[in-house]
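S.K.: I'd like to ask some things about the structure below.
Number of protein chains: 2
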Amino acid sequence: MPDATTDAALRTFVEVPADSHFPIQNLPYGVFAPYHGAAPRVGVAIGEQVLDLSVLEEKRLFEDRRLRAQRPFSHASLNPFMAMGREVWRAARQTISYLLRHDTPTLRDDEALRREAFHPISAVRLLLPVEIGDYTDFYSSKEHATNVGTMFRGAENALQPNWLHLPVGYHGRASSVIVSGEAVRRPCGQVKPDDGPPRYAASRLLDFELEMGFFVGPGNPLGEPIAIGDTEKHIFGLVLVNDWSARDIQKWEYVPLGPFLGKSFATTISPWVVPLDALDPFRLAGPAQDPEPLSYLRGIAPCAYNVHLEVGLQTPQLEAPHVICRSNLRNLYWSMCQQLAHHTVNGCNMRPGDLLASGTISGPTEDSYGSLLELTWRGTKPLTLPSGEQRKFIEDGDRVVMTGWAEGDGYRIGFGEAAAEVLPAHCDS
Amino acid sequence: MPDATTDAALRTFVEVPADSHFPIQNLPYGVFAPYHGAAPRVGVAIGEQVLDLSVLEEKRLFEDRRLRAQRPFSHASLNPFMAMGREVWRAARQTISYLLRHDTPTLRDDEALRREAFHPISAVRLLLPVEIGDYTDFYSSKEHATNVGTMFRGAENALQPNWLHLPVGYHGRASSVIVSGEAVRRPCGQVKPDDGPPRYAASRLLDFELEMGFFVGPGNPLGEPIAIGDTEKHIFGLVLVNDWSARDIQKWEYVPLGPFLGKSFATTISPWVVPLDALDPFRLAGPAQDPEPLSYLRGIAPCAYNVHLEVGLQTPQLEAPHVICRSNLRNLYWSMCQQLAHHTVNGCNMRPGDLLASGTISGPTEDSYGSLLELTWRGTKPLTLPSGEQRKFIEDGDRVVMTGWAEGDGYRIGFGEAAAEVLPAHCDS
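Residue numbers (this note's numbering), protein chains in the order written: chain F, 3 to 431; chain U, 3 to 431.
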């Protein structure tokens, strides 16, 4: 249900540019170091500033007794806060929203406190916001699964028999999840040319995958599934995810146990975690599901969200990213709620900070495909960029910039960016 | 190379039964709570006792300055110690070995200190010894891969084309790794009968997989592979692993992204981590590899180990586990060193405490198969137990007990047990 923190009429005393991703209705959480050597702490983005929540904690501006006792924002990750549950998340959000309102004097009229609590985002170091225990990647866009299946098995056998019955997913690698801005090294590994034996080489078919992911909190004990009706209580917030993929390494390794080194060299996420509560005005019903899913995957409130997504590609010859994909989170066939219910149906335990990503979010049109594999149809239809350059896959020095936002009435709930440049492989010299 | 800590002639003042897994040549690390409510700390097993290393730390009995400064044993996990590297691991091991010798008076002659530092293993609570960041499971026994491939694809296509070229593996679930003694709840999930639509049910084809795993430390930064010649520096020690598997859930879900909920309900490990150094006398060359692996997987000292392994099955009608499988770690085609080199060849970073498991360790004979799937050949050849009961797969109330040891000259380097009982599924009532 809507609450005051998402009211379109809300105003803040902080300057917020018209196209900002971070109006007062958003208040995404991140972890940052205000200066070199400073202890990382939790902040929220507002306009072009970050508000240091550890300062608000120190000044005892949170009224909720659990927040006062545990001080979750004086930590180097969001995990302690994620563990506290939606009631506490809402209490924190209401206090932060209240303190940022144009008519609340606490911060507005206290210049010394403002100087202590606010930093320009451009001046701080944004860190990976979460200690990710486990990272799971789903495969929940029907268009993406159909595209990939068509390429590799033909249109008649595009979807595997299980695909329409359950949200297919796999365990990913948590250690190599990195935050936007960190460069990605092109991976080396074993690849198998069609006409010869396998060899050790740099990946030549480096790709991005446009995804979103959600962080779990508080989670469930081992052996006790999260019922579909309870799943929302355990979704803290969302980030952009670039699930970098080395298609040639993946192709040779993945039968029968799935993607492994073709994925585990890097996964880029955006630094700001947008609370699920901020997205509530953008909630809608997902696509009709036929066949009807089994009951453990049914019977909940709408769990899809209208979030516009874009991928920009910037080559060394381009001065800015050129948008090569426009998609939408609502394109997902399987919802986050269904993903979480399915993931735990066997008793698998979720811990605060676990990351569940969507899989590539492709839409129905060719410009909405969320990977180069699909956009160039395995490299058979290269993209031509404004510089005249062509791309089948990612080349060294290219920068991939993902962004996304929910479009409100006069404001945007934005996700910032998940961006990274690709460096040459070590084995390429 | 051998060092004094593995000398067969070493003796300790602690009583060690003749068939003990924990003579002075072993000194495996675990994490325990000496009494209810006590802070967990690190200990080593010696005979039927656990030696509390945090007490040795407090008394400043470690001479190594890094150990004195960081006090890694006063922690609830082995991760800080694993991060310190082999040189420190050896310094710690040498001090502990020295303090336990029959001719070292420090502990032997100080009754008060002994009372503080020693506890009967049977009286303490053994905990999961490591905070596992990422858990990877390989598929490195040729016999196992051949058996499974033969069952599902026929003898001619048993091994996939990649299998002889690289150690196939996949990302597992870290959150559901549990320590020996914790019961395992039979999972519910989606299964697909051959003659009908998928349905929600308790798994009926519950199985164990006999594996071993090694813990990583210190690991590598993202983007910087561990060369095959350096892999041993990053192998801290080994445990027994039971990679519980729900064959029916797995069969329906695993194409194309690999095992997921068929595995992530539980993975049992033994509580004692046997240092790689303790296994040095049992090192041997692995099987010949044909075709010759690519160079990044070649050119190291022998990296196989002669460790006898057993699986016992105890039904409610049996008074003790009945041994149904005898195998050996040396049966692995791909070595731990090759697994680690391959896992990082793409730049994937390993962190202290990451767990890399072998995959099911099956040998060449029918009684050496490491899973019921193979032992009963998909249930077509049920096992008959001494009680007259038959088993195709695991039933509720059954207890699976894995054990293993390296047989030295008059002593055993043992792994203790990885044991767990199976509880009825929640959805079965």
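Backbone N, C-alpha and C define an ideal beta-carbon position, used for all residues, glycine too.
Leaving out the 5 sequence neighbours to the left and right, which residues in its chain are closer than 6 Å to P318(U) when beta-carbon positions are compared?
M.R.: Counting only Cβ-Cβ distances below 6 Å, and skipping sequence neighbours, we find G399.
S.K.: Could you check what DSSP says for Q162(F) in three-state terms: helix, strand or coil?
M.R.: Residue state, collapsed to three classes: coil.
S.K.: Are any of the Cβ atoms in chain U nearer than 7 Å to that of G301(F)?
M.R.: Closer than 7 Å: no.
S.K.: Does D136(F) get closer than 7 Å to chain U when you measure Cβ to Cβ?
M.R.: Cβ-Cβ to chain U under 7 Å: yes for D136(F).
S.K.: Which whole-angstrom value describes the C-beta separation of G410(F) and Q96(F), a residue pair presumed to lie in contact below a C-beta threshold of 8 Å?
M.R.: The Cβ separation is near 19 Å, so there is no contact.
S.K.: Cβ of M153(U) within 7 Å of Cβ of S360(U)?
M.R.: The answer is no: Cβ separation not under 7 Å.
S.K.: At least one CB of chain F closer than 7 Å to the CB of G260(U): is that the case?
M.R.: Judged by the 7 Å Cβ criterion, G260(U) is in contact with chain F.
S.K.: Which word fits N149(U), buried or exposed, when buried means at least 16 other C-beta atoms lie within 10 angstroms of its C-beta?
M.R.: Answer is buried; the Cβ neighbour count reaches 16.
S.K.: Under a three-way DSSP split, which group does S329(U) fall into?
M.R.: The answer is strand: DSSP assigns S329(U) an E or B state.
S.K.: What is the DSSP secondary structure of C190(U), counted as helix, strand or coil?
M.R.: C190(U) falls in the strand class under three-state DSSP.
S.K.: For T106(F), which of helix, strand or coil comes out of DSSP?
M.R.: It is coil, neither helix nor strand.
S.K.: Among residues of its own chain, excluding the 5 on either side of A176(F), which ones have a beta-carbon nearer than 8 Å to its beta-carbon?
M.R.: Excluding sequence neighbours, A176(F) sits near I134, G135, D136, Y137 and L357.
S.K.: By the DSSP assignment, the alpha helix (DSSP H) with H146(F) in it spans what residues?
M.R.: Per DSSP, H146(F) belongs to the alpha helix (DSSP H) from K144 to R155.
S.K.: Does any C-beta atom of chain F lie closer than 7 Å to the C-beta of P4(U)?
M.R.: Note that P4(U) scores 46 on pLDDT, short of 50, meaning its location in the model is unreliable; the coordinates nonetheless yield the value given after this. False, the Cβ-Cβ gap to chain F never drops below 7 Å.
S.K.: From which residue to which residue does the beta strand (DSSP E) around E118(U) run?
M.R.: Run containing E118(U): none in the beta strand (DSSP E); it sits in the alpha helix (DSSP H), E113 to A119.
S.K.: Within 7 Å of any Cβ in chain U, is that where the Cβ of R155(F) sits?
M.R.: No - not a single Cβ of chain U is within 7 Å of the one on R155(F).
S.K.: Excluding the 5 residues preceding and the 5 following P4(U) in the sequence, name in chain order all residues of the same chain whose CB lies nearer than 8 Å to its CB.
M.R.: Interpretation of P4(U) is limited by its pLDDT of 46, a score under 50 that renders its predicted location unreliable; no figure is taken from the coordinates.
S.K.: Quick one, are the C-beta atoms of G221(F) and M352(F) less than 7 Å apart?
M.R.: Their beta carbons are under 7 Å apart, which means G221(F) touches M352(F) by this criterion.
S.K.: Under a CB-based cut-off of 7 Å, is G225(U) close to chain F?
M.R.: Chain F, which has a Cβ nearer than 7 Å to the Cβ of G225(U), makes this yes.
S.K.: Mind checking if W254(U) is an interface residue toward chain F, Cβ cutoff 7 Å exclusive?
M.R.: It does: the Cβ of W254(U) has a partner Cβ on chain F nearer than 7 Å.
S.K.: I'd like the list of long-range same chain contacts for S178(F), defined as Cβ closer than 8 Å, with 5 residues on each side in sequence excluded.
M.R.: So the qualifying residues of the chain are S266, F267, A268 and T269.
S.K.: Could you work out which residue in T367(U), F34(U) and A290(U) is closest to R127(U) when comparing CA atoms only?
M.R.: The residue with the shortest Cα to Cα distance from R127(U) is F34(U).
S.K.: Any contact between the region 303-318 of chain U and the region 182-197 of chain U? By contact I mean 3 or more CB pairs, one from each, below 8 Å.
M.R.: The answer is no - the region 182-197 of chain U does not touch the region 303-318 of chain U, with fewer than three Cβ pairs under 8 Å.
S.K.: Starting from Q51(F), trace the beta strand (DSSP E) in both directions and tell me its first and last residue.
M.R.: Q51 to D54 is the extent of the beta strand (DSSP E) around Q51(F).
S.K.: Which value, in whole angstroms, describes the spacing of the CA atoms of V275(F) and R43(F)?
M.R.: Those two C-alpha atoms are separated by around 14 Å.
S.K.: Got a sec? Which residues, its chain only, sit under 6 Å from P189(U) by beta carbon, not counting five neighbours each side?
M.R.: So the list reads S205, A248 and F267, once near-sequence residues are dropped.
S.K.: G171(F) and F262(U): beta carbons closer than 7 Å?
M.R.: Yes.
S.K.: If you draw a straight line from the alpha carbon of P19(U) to that of P25(U), how long is it in whole angstroms?
M.R.: Near 8 Å, if we compare the C-alpha coordinates of P25(U) and P19(U).
S.K.: Ignoring anything shorter than 3 residues, give me the beta strand (DSSP E) runs that lie fully in the region 244-297 of chain U, in order along the chain.
M.R.: Listed in chain order, they are 269-271.
S.K.: How should V57(U) be labelled, buried or exposed, when 16 other C-beta atoms within 10 angstroms of its C-beta is the threshold for buried?
M.R.: Per the 10 Å Cβ criterion, buried.
S.K.: From P289(U), P163(U), H173(U) and C350(U), pick the residue whose C-alpha is nearest to that of V193(F); which is it?
M.R.: V193(F) has its Cα closest to that of P163(U), out of P289(U), P163(U), H173(U) and C350(U).
S.K.: Can you tell me which of N330(F), P227(F), W165(F) and S370(F) puts its alpha carbon nearest to the alpha carbon of L259(U)?
M.R.: Of N330(F), P227(F), W165(F) and S370(F), the residue nearest in Cα terms is W165(F).
S.K.: N81(U): buried (16+ other C-beta within 10 angstroms of its C-beta) or exposed?
M.R.: It is buried - the Cβ of N81(U) has at least 16 other Cβ atoms within 10 Å.
S.K.: From which residue to which residue does the beta strand (DSSP E) around Q316(U) run?
M.R.: Run containing Q316(U): H310 to Q316, per the beta strand (DSSP E) assignment.
S.K.: May I ask which residues mark the beginning and end of the beta strand (DSSP E) holding R201(F)?
M.R.: Looking at the DSSP string, the run of the beta strand (DSSP E) that includes R201(F) is R201 to A204.
S.K.: How would you list, in chain order, the residues of chain F whose beta-carbon sits under 8 Å from the beta-carbon of S297(U)?
M.R.: Chain F residues near S297(U): Y202.
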